[in-house]
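Right, one structure below, let's go through it.
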Amino acid sequence: MRHTPVRLSVTLIIASILLLLVLRSLPTRPEPGPELIPVEGGSFMAGNFQVPMRAPDGEQSVQWVAQADQGALDPYPVEVSAFSIMKKEATNALYDRFLKQTQRPARWQPVKGDDEQAANMPYDEAEAFCTWLGKNSGLDMRLPTEAEWEYAARGRGQAIPWATDNGQWQAGRNLPEPDSGANKHKTGAFPPNPLGIQDMANGLHEWVISDPNRDPAHVRIFKGGSNTGTSSRDTIPTRGIVFPLSDATIQAKPELARLKGRPAGTVYFQNATARCVAPLKSNGTPPVSAKPDSTVPPVFDNVTDKP
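First residue of the sequence shown: 23, per the numbering used here; consecutive thereafter.
Here it is in structure tokens:
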């Protein structure tokens, strides 16, 4: 029996429709997420700490890393379980994908490139971003606790003032030059810390989960340096304390228009972003551990813009 062209066309159309239905029924693969760095757990003294500092004239003294006006917590012991953490801060491309898929308002004033840091992220949106990222990656992701952030920034709790490759503040080599636009907003532009994590001393401030025993329930905390200030005062123990916005503030500022209609208590900081973590279960492969004393100098150079 010979098939006419009409019959062949109908058969091909039906076959195409059936194939399309089958493909739609197949489980979709998660879109690629950011690179994660595994961090071995351990114990350390979180909060402020002291290190030997060398003045420009060569004189050495032991100093507290954070100054009295920088909100750093007094030293306290912490046991940290193993976790994985984003190698870099959230990018605009990843943030835009989150906003689109969760049907949220577009970010305010899109900046230059997709691979730049995603600024202007309210705290509750940073939380939702990590949850969304975890679902897309098949992981239980969230913001880091303040102790986890400090532990990772300090290369598993070593006495490092700045989260750079060698613990020193060296503008132009491991951090951006003050008032320089070069690589200022691009993620991963400078060397990582001993664990391989980038942009914890520069880039944007990063939201963390505060300890309810140490902070009021209504405030939120950010950590890390920001290229908008590029100040060596932003050491690892330094912390920003942010209070909820009033409705009047949201109504008054154009950059906050996307926050209108949010529930009372929205916490926002213009130069804050997200870096997510996930608990790490042992699978026979030990997590990354920094090599003590391999790159960390015995004395740190004081920097001129520190009072």
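We put the beta carbon where it would ideally sit given N, CA and C, even for glycine. Values in this document were obtained by computation on a predicted structure and should not be read as measured data.
Residue i - partner residues in DSSP beta bridges
i	result
Ala88	In the DSSP output, where bridge partners are listed per residue, Ala88 has none listed.
Val230	Ile243
Ile263	Ile243
Val299	Ile107, Arg164
Lys282	DSSP, once it has assigned bridges, lists no residue as partnering Lys282.
Phe212	Paired residue(s): none; Phe212 is not in a bridge.
Ala294	His227
Phe322	Met75
Cys217	A small correction: the amino acid at residue 217 is Leu; Cys does not occupy that position in the sequence shown. None, per the DSSP bridge assignment.
Rounded separation between residue i and residue j - CA only
i	j	result
Met108	Glu57	6 Å
Lys110	Asp79	36 Å
Asn70	Ala90	10 Å
Ala68	Ala112	25 Å
Thr50	Asn324	Annotation note: pLDDT 49 at Thr50 (below 50); position unreliable, coordinate value reported separately. Using only the alpha carbons, I get a separation of about 52 Å.
Pro214	Asp221	7 Å
Pro216	Thr288	35 Å
Lys157	Met163	8 Å
Gly135	Ile182	32 Å
Asp187	Gly218	8 Å
Pro319	Glu81	16 Å
Ala94	Arg129	31 Å
Gly179	Asp256	17 Å
Gln333	Ser268	Past the boundaries of the shown model lies residue 333; the chain is included only from 23 to 329, so the question cannot be answered.
Gly160	Trp154	10 Å
Trp184	Gly194	15 Å
Ser248	Lys303	32 Å
Ala270	Arg280	14 Å
Ala300	Gln139	20 Å
Glu277	Arg284	14 Å
Asp137	Gly189	25 Å
Val61	Phe105	5 Å
Phe212	Ser254	16 Å
Pro200	Tyr117	27 Å
Gly306	Thr250	The predicted position of Gly306 is uncertain, since its pLDDT is 46 and thus under 50; no value can be drawn from it.
Ala286	Ile272	11 Å
Gln192	Pro99	30 Å
Ala150	Gln72	36 Å
Pro266	Lys282	14 Å
Tyr290	Gly177	29 Å
Val44	Arg242	Below a pLDDT of 50, predicted positions are generally treated as unreliable, and Val44, at 48, falls in that range; no measurement from the model is reported.
Ile59	Asp237	28 Å
Ala274	Pro127	18 Å
Cys152	Gly55	11 Å
Any non-hydrogen atom of the ligand NAD within 7 Å of residue i CB
i	result
Glu101	Absence of the ligand NAD from the depicted structure is noted, as is the absence of any ligand whatsoever, leaving it without description.
Assumed close pair residue i, residue j - CB separation to whole angstroms, cut-off 8 Å
i	j	result
Glu228	Gly210	No, Glu228 and Gly210 are not in contact; Cβ-Cβ is about 15 Å, not under 8 Å.
Cys298	Leu165	6 Å
Ala175	Ile258	5 Å
Val84	Pro97	With a Cβ gap of about 14 Å, Val84 and Pro97 do not count as contacting.
Val102	Gly63	5 Å
Tyr173	Phe66	6 Å
Gln125	Thr260	The Cβ separation is near 36 Å, so there is no contact.
Ala239	Leu197	In fact, because the Cβ distance is near 34 Å, the residues do not count as touching under 8 Å.
Phe322	Arg76	7 Å
Leu226	Ala141	6 Å
Minimum Cβ-Cβ distance from residue i to chain D less than 8 Å
i	result
Tyr98	No chain D appears in this structure, which consists of one protein chain only.
> Within the chosen definition, does the region 162 to 178 reach the region 227 to 238 through at least 3 CB pairs nearer than 8 Å?
Replying inline: Output reads yes: the region 227 to 238 touches the region 162 to 178.
>> Restricting to runs no shorter than 3 residues, where is the beta strand (DSSP E) found entirely within the region 63 to 143?
In response: Whole beta strand (DSSP E) segments, 3+ residues: 64 to 68, 72 to 76, 82 to 86, 98 to 102, 105 to 108.
>> Report the start-end ranges of each alpha helix (DSSP H) in the region 154 to 194 that is 4 residues or longer and not cut off at the edges.
In response: The qualifying runs are 168 to 175.
>> When you compare the region 140 to 148 with the region 292 to 305, are there three or more beta-carbon pairs, one atom per stretch, that lie closer than 8 Å?
In response: The region 140 to 148 is in contact with the region 292 to 305.
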